[in-house]
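S.K.: Same order as they appear, the protein sequences are chains A and W. Using our numbering, read the first sequence as starting at 31 and increasing by one per residue. Using our numbering, read the second sequence as starting at 138 and increasing by one per residue. We put the CB at the ideal spot given by N, CA and C, even for glycine. My questions all concern the structure below.
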Amino acid sequence: MKKVYLDYAATTPLDRRVLNAMTPYLTEVYGNANSVHSFGQEAASAVDNARRTIADCINAKRTEVYFTSGGTEANNWAIKGIAVRYREITGKNHIITTKIEHPSIIESVKYMEKHGFDVTFLPVNSDGLVELDTLEKAMTDKTLLVSIMTANNEVGSVQPIKELAEIAHAKGALFHTDAVQAMSSIKTDVREKNVDLMSFSGHKIYGPKGIGVLYVKSGIKPDKFMIGGHQERTMRGGTTNVPAVVGLAEALRLTVAEMEDNNAKVKAVRDYFLQRVQSEISHIRVNGGMEHRVVGNANVTFEFIEGESLLLLLDLAGIACSSGSACSSGSLEPSHVLMAIGVPIEIAHGSIRFTFGKDTSREDVDYVVDSLKNAVEKLRIMSPLTRD
Amino acid sequence: MYNEKVMKEFMSPQNVGEVENANAVGEVGNASCGDIMKISMRIENGIIEEVKFQTYGCAAAVATSSIATKMIKGKTVDEALALTNQEVIEELGGLPAQKIHCSVLAEGAIKAAIKNYLENYKKEGNA
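Have a look at this one:
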């Protein structure tokens, strides 16, 4: 059976070239990067090189790059580490974020709320964008941190990070961005964007899972998160995951070098998919705006049917995508992102996210659209909801 | 996530549609919750001669609709009223914990349809 993977926002396959770069560090170079002997020093030098590569890719200094276990840890660290430390120093106690963040941000901010912080979750418009004056109005003298994701994981909206960071800085707050979903298609220069902290991970850019980075601008000191080790200049303890670090660096290097070509390819298949779906399937809506959106994302609501059923029928046809409905997680709440951009609750349950990658072909899209038409028709025949 | 039996019912559901000249129709759930189940029946002499369903919902909702309609077809109204969601789940060989509410929906739709039938019956002065 043909298999088509359209869930690149969930994770990406490991690039062969990344695997090749990693292999020596999974086999012969096994030293602990913190050991003084030659086994350890060889590993340490690979970590140094990787850190330099990553710093160059995002226009940071080497000492500003901290390795973590992934995007979730980087986000937890950024929010909790900054909140605790800067309340101590400044006496401020207000954190601003948005309603469409990844759960690792939303839950970390709520955790700080439980520990006495005031928190604000900014609304977004129907395109999934934070409007500048919304942030401006939410800023107070007590705001110590603003955290806004660069690109959204569900509808792909891309925020005006530079302008948002400027507003935060004007009021004396720090600015963090979760760039996990942005790194594969958006050139990220931390100096140009003027962000103070930035999170990203390896497995969304054809690199390994279990590795991420928190960029922390020099001069800014979040509290330590994982304590009890000398790694990462004592800021993040735990034996360095050398092969993953090497893999992340190689994945990011390739991503930046090949971004223009890949973006053109990915956008072409995504647009072709949407064009076919829009012309061949009735009663659908595309969620989120098209102008400020990552090239690989399409989020579509199919009216009168429920997302999990559609997801399962597509899976049986060998197609992997993702549902906006949280029904499978036991809650009947539809996606918080779709709610925030104003998708009516009655139809939000029928939403599916298709995310495209550098290996997706036009033939893949044709197969998916044909299967999709059958699956939607089958479920609509079964549905008691009427089409009028 | 689902067992084979549930997947089979979901893939090839039985009794999909609306019964013509139905004298018992019940609908439960709403679109906001992501689940609607509508059941129609033709009941003659207290026996469920025909029963069909239409369901908007997850695979578990579709599978429970299908199996429940099979379980009550040819049964008496009293037997259908006695059907519990536990029996529906057992017939399916089990459901994931977070999907139990779907089987409750099937039981509810059947009861709503029979209630509708009994009301119609009384109105016609046959009681």
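Write down the C-beta distance between residue 390 (chain A) and residue 234 (chain A) rounded to the nearest angstrom, noting that I regard them as a contact closer than 8 Å.
M.R.: Contact flag wrong, Cβ pair sits at about 15 Å.
S.K.: So residue 253 (chain W) packs on residue 163 (chain W), CB below 8 Å; how close in whole Å?
M.R.: 6 Å
S.K.: Along the chain, which unbroken stretches of the alpha helix (DSSP H) at least 4 residues long are found entirely within the stretch 336-406 of chain A?
M.R.: 337-346, 366-370, 375-378
S.K.: Could you give the distance in angstroms between the alpha-carbon of residue 185 (chain A) and the alpha-carbon of residue 383 (chain A)?
M.R.: 8 Å
S.K.: How about the stretch 223-232 of chain A and the stretch 298-307 of chain A: do they share at least three Cβ pairs that are nearer than 8 Å?
M.R.: The stretch 223-232 of chain A makes no contact with the stretch 298-307 of chain A; the number of CB pairs closer than 8 Å stays below 3.
S.K.: Write down every uninterrupted run of the alpha helix (DSSP H) in the stretch 268-343 of chain A whose length is 4 residues or greater and which is fully enclosed by it, in chain order.
M.R.: List check, alpha helix (DSSP H) in window: 272-287, 289-310.
S.K.: Going by other Cβ atoms of all chains shown within 10 Å of its Cβ, with 16 needed for buried, is residue 360 (chain A) buried or exposed?
M.R.: Because the pLDDT of residue 360 (chain A) is 49, which lies under 50, any placement of that residue in the model is unreliable, and the question is left without a value.
S.K.: By Cβ distance below 7 Å, which residues in the same chain neighbour residue 264 (chain W) in space, the five residues on each side in sequence not counted?
M.R.: Note that residue 264 (chain W) has pLDDT 46, beneath the 50 cutoff, so the model's placement of it is unreliable and no number is given.
S.K.: With distance defined between alpha-carbon atoms, name the residue in W:247, W:243, W:180 nearest to residue 200 (chain W).
M.R.: In terms of Cα proximity to residue 200 (chain W), the closest of W:247, W:243, W:180 is W:243.
S.K.: Mark residue 36 (chain A) as exposed unless 16 or more other C-beta atoms lie within 10 angstroms of its C-beta, in which case mark it buried.
M.R.: buried
S.K.: So residue 224 (chain W) is in the beta strand (DSSP E); what residue range does that whole segment cover?
M.R.: No beta strand (DSSP E) holds residue 224 (chain W); the alpha helix (DSSP H) holding it covers 222-228.
S.K.: With C-beta atoms as the reference, is residue 106 (chain A) less than 8 Å away from residue 255 (chain A)?
M.R.: Going by beta carbons, residue 106 (chain A) and residue 255 (chain A) fall inside the 8 Å limit.
S.K.: Who does residue 264 (chain A) pair with in a DSSP beta bridge?
M.R.: Note: residue 264 (chain A) sits in no beta bridge, so no partner.
S.K.: Can you pull the chain W residues whose beta carbon is under 9 Å from the beta carbon of residue 238 (chain A), in chain order?
M.R.: Per Cβ cutoff of 9 Å: no residues; residue 238 (chain A) is ~27 Å from chain W at best.
S.K.: Which residues of the stretch 291-320 of chain A have a Cβ closer than 9 Å to any Cβ of chain W? Give them in chain order.
M.R.: none
S.K.: Three or more C-beta pairs under 8 Å: does that hold for the stretch 155-162 of chain A against the stretch 180-200 of chain A?
M.R.: yes
S.K.: Rounded to whole angstroms, what is the Cα-Cα separation between residue 176 (chain W) and residue 204 (chain W)?
M.R.: Straight-line spacing of the CA atoms in residue 176 (chain W) and residue 204 (chain W) works out to 12 Å.
S.K.: I need the boundaries of the beta strand (DSSP E) containing residue 191 (chain W), first residue and last residue.
M.R.: 184-193
S.K.: Are residue 176 (chain A) and residue 203 (chain A) touching if we call contact CB-CB under 8 Å?
M.R.: yes
S.K.: Under 8 Å: do the stretch 278-285 of chain A and the stretch 77-90 of chain A share three or more Cβ pairs, one atom per stretch?
M.R.: Enough Cβ pairs lie closer than 8 Å, so yes.
S.K.: Starting from the beta carbon of residue 332 (chain A), find every residue of chain W whose beta carbon is closer than 9 Å, and list them in chain order.
M.R.: Those do not exist, as residue 332 (chain A) stays about 11 Å from chain W at its closest Cβ, beyond 9 Å.
S.K.: So residue 161 (chain W) is in the beta strand (DSSP E); what residue range does that whole segment cover?
M.R.: 161-167 is the extent of the beta strand (DSSP E) around residue 161 (chain W).
S.K.: Are residue 174 (chain A) and residue 247 (chain A) close, meaning C-beta to C-beta below 8 Å?
M.R.: With a cutoff of 8 Å on beta-carbon distance, residue 174 (chain A) and residue 247 (chain A) are scored as not near each other.
S.K.: Name the chain A residues whose beta carbon is nearer than 7 Å to that of residue 265 (chain W)?
M.R.: What the structure shows of chain W is the stretch from 138 to 264, and residue 265 (chain W) is not part of that stretch, so it cannot be assessed.
S.K.: Should residue 158 (chain W) be labelled buried (16 or more other beta-carbon atoms within 10 Å of its own) or exposed?
M.R.: exposed
S.K.: Within 10 angstroms of the Cβ of residue 318 (chain A), are there 16 or more other Cβ atoms? Answer buried if so, exposed if not.
M.R.: buried
S.K.: Just how far apart, CA to CA, sit residue 296 (chain A) and residue 185 (chain W)?
M.R.: Whole-angstrom Cα-Cα distance: 55 Å.
S.K.: Hey, how far is the Cα of residue 358 (chain A) from the Cα of residue 239 (chain W)?
M.R.: Low per-residue confidence applies at residue 358 (chain A): pLDDT is 45, beneath 50, and the placement is therefore not dependable, though the value from the model is reported in the following sentence. If I take the Cα positions, the gap works out to 12 Å.
S.K.: How would you label residue 45 (chain A), buried or exposed, when you count the other beta carbons within 10 angstroms and need 16 or more for buried?
M.R.: By the 10 Å Cβ count, residue 45 (chain A) comes out buried.
S.K.: From residue 349 (chain A) to residue 316 (chain A), what does the alpha carbon distance come to, in whole angstroms?
M.R.: 19 Å
S.K.: Could you check whether the Cβ of residue 163 (chain W) sits closer than 8 Å to any Cβ belonging to chain A?
M.R.: The beta carbon of residue 163 (chain W) sits no closer than 8 Å to any beta carbon of chain A.
S.K.: For residue 101 (chain A), collect the residues of the same chain with a Cβ closer than 6 Å to its Cβ; drop the 5 residues on either side in sequence, then sort them by chain order.
M.R.: 210, 229, 231, 242
S.K.: Taking a Cβ distance cut-off of 7 Å, strictly less, list which residues of the stretch 192-203 of chain W are near chain A, in chain order.
M.R.: 192, 193, 194, 195, 196, 199
S.K.: In chain A, which residues lie less than 9 Å from residue 156 (chain W) when you measure between Cβ atoms?
M.R.: Near residue 156 (chain W) there are no residues of chain A at all, since even the closest Cβ is about 13 Å away, more than 9 Å.
S.K.: Looking at residue 111 (chain A) and the ligand GTP, is the gap between the Cβ and the nearest heavy atom below 7 Å?
M.R.: The ligand GTP is not among the ligands present in this structure, which contains no ligands whatsoever.
S.K.: Look at residue 192 (chain A) and residue 155 (chain A) and say whether their C-beta atoms are less than 8 Å apart.
M.R.: Residue 192 (chain A) places its beta carbon 8 Å or farther from that of residue 155 (chain A).
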